[in-house]
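Visitor: A single structure is presented below for examination.
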Amino acid sequence: MMKQQILAMIGLTALSGCASVSAVSPEHEKLPAASRTLDMFKSDNEQCYDRQRMGETFVVDAHNHFRPFGGAAKSMPEINQYLLDTGVLFVNVFGIGQSLPVTSTCEYYLDCVGTPALPSMKNDFVNAVNYLDVDPEGTVMTLSMTFPDLANPENVVEQIKIMDKEYPNMFTWMGEVNMVKQALFGNGHAATPKEKIAKWAPFMKVLRERDIPISIHSDLGNDADPYKYAYLMDEALRLYPDNKIVWVHMGLSKELSHANPDKHIAYMQNVLDRSPNLMLDITWRVINDNYFADPKMRKKYVAFLEKNSGRILPGTDFVASHKKSYAVYRNEVLANSDIFKDLSNKAFRNIALGQNYFNITGMNYIAPQICR
Ligand SMILES: [Zn+2]
């Protein structure tokens, strides 16, 4: 399987100089959105966006891990090409909140239960070094601090100072950080104790002063007890109402793949209504496959996205392990964008065309108007 993928990639590279080649298999083709350019998102752009012609996939990947759990990573130039070929022009460059020890031969934490998988500054350094070396063209990359250990927050400000010294003003996002991630329970991670959340105060203050959003992974619960950990995000939102918090995956996970959609939506609506600075990230194909792909549930979630179209961020939750290929990323873009086909122009522009992302980051870009 691996060899075939590699051969396919090599084949693609060898053929890419030929304009009339039709031998590229569909999974290696560029998406229609690849015709987008950054100029279309500048304030003086007058070209409207044609959903039929330029595709209905997102332009922002607000959740992309450029570092794998262990083992080798994809190079930044290769990922940048994936982005360009799928029309993803804005991306959050996450490290990984659960890196395996360098002495481990594991490449995926679930393959090595018992091996600790903990946050580390290594990933963020490597991303910054790569970014400076590569200077990626055609895309806008937002570097993110992934190192904080939310259960042991005492050193986070100190660590931010180290980043400031080495890479001043380069990191403008924080996360994905794990408050509770059940998938990691076998690898030395446990739910953050509730009383530790108050100890985030010093670093949350730094984030507020710098207007930096924080993406938090916090499982709502599991299929046996769907709201088991809901109290954790409640506490974070209660203590830090003025921070820009992004709740990733809307609290859903593989462990919570059968939540009652009516209850889940009502719960999320209530949280959004009482937390004006909260945004939801609807990334990870697990959500599409278990919720949005079902026609009945999809209708309900489309209504939810419409109602809250200013509060939603899109993306893949891709993990750039050397085992992945362009075809994998392309599939993740397609799966995670599928529900956008059903959105109104207004919601599509806010979510998929990046207006929410430009608002939360304060970037000097604007989503184009949709062609009538
Ligand atoms: Zn993630």
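Our numbering numbers the first residue of the sequence shown as -18 and each following residue consecutively. Here a beta-carbon is modelled for each residue, glycine too, at the ideal position from N, C-alpha and C.
Closest to ASN159 by CA distance: which of GLN250, HIS198, VAL69 is it?
Guide: One-based indexing of the sequence shown puts residue 159 at position 178. Checked all of GLN250, HIS198, VAL69; the closest Cα to ASN159 is HIS198.
Visitor: Out of ASN289, ASN251, GLN62, VAL5, which has the shortest C-alpha to C-alpha gap to GLY119?
Guide: As a working mapping, residue 119 is identified with position 138 in the sequence shown. Selected option, being the one with the closest Cα: GLN62.
Visitor: Name the two residues that bound the continuous beta strand (DSSP E) containing PHE39.
Guide: Translated into the one-based positions of the sequence shown, residue 39 becomes position 58. Per DSSP, PHE39 belongs to no beta strand (DSSP E) and is neither H nor E.
Visitor: Which of the three DSSP states, helix, strand or coil, is assigned to ILE293?
Guide: Your numbering for residue 293 matches position 312 in the sequence shown. DSSP places ILE293 in strand when its eight states are reduced to three.
Visitor: Which residues in the same chain have their Cβ closer than 6 Å to the Cβ of GLN221, if we skip the five residues on either side of it in sequence?
Guide: For the purposes of this step, residue 221 is taken as the residue at position 240 of the sequence shown. The sequence given here places Tyr at residue 221; Gln does not occur at that position. Excluding positions up to five away in sequence, the list reads MET185.
Visitor: Does ligand 1 have a heavy atom nearer than 7 Å to the CB of HIS355?
Guide: One cannot answer for residue 355 here, as it falls past the ends of the chain, which runs -18 to 353.
Visitor: By the 10 Å Cβ neighbour count, where 16 or more other Cβ atoms means buried, how is THR86 classified, buried or exposed?
Guide: Your numbering for residue 86 matches position 105 in the sequence shown. Counting Cβ neighbours within 10 Å, THR86 comes out exposed, since fewer than 16 surround it.
Visitor: Identify whether VAL2 lies in helix, strand or coil by the three-state DSSP scheme.
Guide: Position 21 of the sequence shown, counted from the start, is the residue given in the question as residue 2. With a pLDDT of 45 at VAL2, under the threshold of 50, the modelled position of this residue cannot be trusted; read the value that follows with caution. Coil, per DSSP.
Visitor: Going by DSSP, what residue range makes up the beta strand (DSSP E) through SER125?
Guide: Residue mapping note: residue 125 aligns to position 144 of the sequence shown, counting from 1. Start and end: 121 to 126.
Visitor: Taking C-beta to C-beta, are LYS225 and PRO174 nearer than 8 Å?
Guide: Residue mapping note: residue 225 aligns to position 244 of the sequence shown, counting from 1. Residue mapping note: residue 174 aligns to position 193 of the sequence shown, counting from 1. Going by C-beta atoms, LYS225 is not nearer than 8 Å to PRO174.
Visitor: Have a look at CYS352, ILE347, MET126 and flag the residue whose alpha-carbon is nearest the alpha-carbon of VAL24.
Guide: Position 43 of the sequence shown, counted from the first residue, corresponds to residue 24. It is Ser, not Val, that sits at residue 24 in the sequence shown. The option with the nearest alpha carbon to SER24 is ILE347.
Visitor: Check whether the region 124 to 133 touches the region 8 to 15, counting contact only when three or more Cβ pairs, one atom from each stretch, lie closer than 8 Å.
Guide: The region 124 to 133, when compared against the region 8 to 15, does not touch it at the 8 Å Cβ threshold.
Visitor: For LYS288, tell me which candidate among ASP254, SER306, LEU315 has the shortest Cα-Cα distance.
Guide: The residue you call residue 288 lines up with position 307 of the sequence shown. Nearest C-alpha to LYS288: ASP254.
Visitor: Any idea what DSSP makes of ASP223, helix, strand or coil?
Guide: Along the sequence shown, read from residue 1 onward, the residue named residue 223 stands at position 242. Coil.
Visitor: Got a sec? Which residues, its chain only, sit under 8 Å from MET21 by beta carbon, not counting five neighbours each side?
Guide: Here residue 21 refers to the residue found at position 40 of the sequence shown. Result list for MET21: GLN28, TYR30, PRO349, in chain order.
Visitor: Do you know whose CA, among PHE75, LYS277, THR153, lies nearest ASN108's CA?
Guide: Mapped onto the sequence shown, residue 108 falls at position 127. Comparing Cα-Cα distances from ASN108 to each of PHE75, LYS277, THR153, the minimum goes to PHE75.
Visitor: So is the beta-carbon of VAL46 under 7 Å away from any non-hydrogen atom of ligand 1?
Guide: Working through the sequence shown from its first residue, we reach residue 46 at position 65. Note on residue identity: the sequence assigns His, not Val, to residue 46. Indeed, a heavy atom of ligand 1 lies less than 7 Å from the Cβ.
Visitor: Run the CB neighbour count on ALA179, radius 10 Å, all protein chains shown included, and call it buried at 16 or more, exposed below.
Guide: The residue you call residue 179 lines up with position 198 of the sequence shown. Exposed.
Visitor: Tell me which residue opens and which closes the alpha helix (DSSP H) that MET144 is part of.
Guide: Counting from 1 along the sequence shown, the entry for residue 144 is found at position 163. Run containing MET144: 137 to 147, per the alpha helix (DSSP H) assignment.
Visitor: Give the range of the alpha helix (DSSP H) segment to which PHE50 is assigned.
Guide: Looking up residue 50 in the sequence shown gives position 69. That residue, PHE50, is in no alpha helix (DSSP H); it is neither H nor E in DSSP.
Visitor: Going by the beta-carbon positions, is the gap between TYR45 and PHE299 smaller than 8 Å?
Guide: On the sequence shown, residue 45 is found 64 positions in, with the first residue counted as 1. On the sequence shown, residue 299 is found 318 positions in, with the first residue counted as 1. The question names Tyr, but residue 45 is Asn in the sequence shown. Cβ atoms of ASN45 and PHE299: closer than 8 Å.
Visitor: Please specify which runs of the alpha helix (DSSP H), each continuous and at least 4 residues long, are wholly inside the region 253 to 331, giving them in chain order.
Guide: Here the runs fully enclosed are 276 to 288, 307 to 318.
Visitor: Which residues are close to ligand 1, meaning CB closer than 5 Å to any heavy atom, in chain order?
Guide: Any residue whose Cβ sits closer than 5 Å to a heavy atom of ligand 1 makes the list: GLU157, ASP298.
Visitor: Apply the 10 Å Cβ neighbour rule to TYR212 and answer buried if 16 or more other Cβ atoms are within range, or exposed otherwise.
Guide: On the sequence shown, position 231 is the one that residue 212 refers to. Label assigned to TYR212: exposed.
Visitor: Residues in its own chain within less than 6 Å of THR339 by CB, not counting five upstream and five downstream?
Guide: Reading the sequence shown from its first residue, position 358 is the one you call residue 339. The sequence given here places Phe at residue 339; Thr does not occur at that position. Only TYR346 meet the Cβ criterion.
Visitor: Cβ atoms of GLY296 and ASN312: under 8 Å apart, would you say?
Guide: On the sequence shown, position 331 is the one that residue 312 refers to. On the sequence shown, position 315 is the one that residue 296 refers to. No, these two residues do not count as a Cβ contact at 8 Å.
Visitor: Helix, strand or coil for SER196, going by three-state DSSP, please let me know.
Guide: Residue 196 sits at position 215 when you count from the first residue of the sequence shown. Three-state DSSP puts SER196 in a strand.
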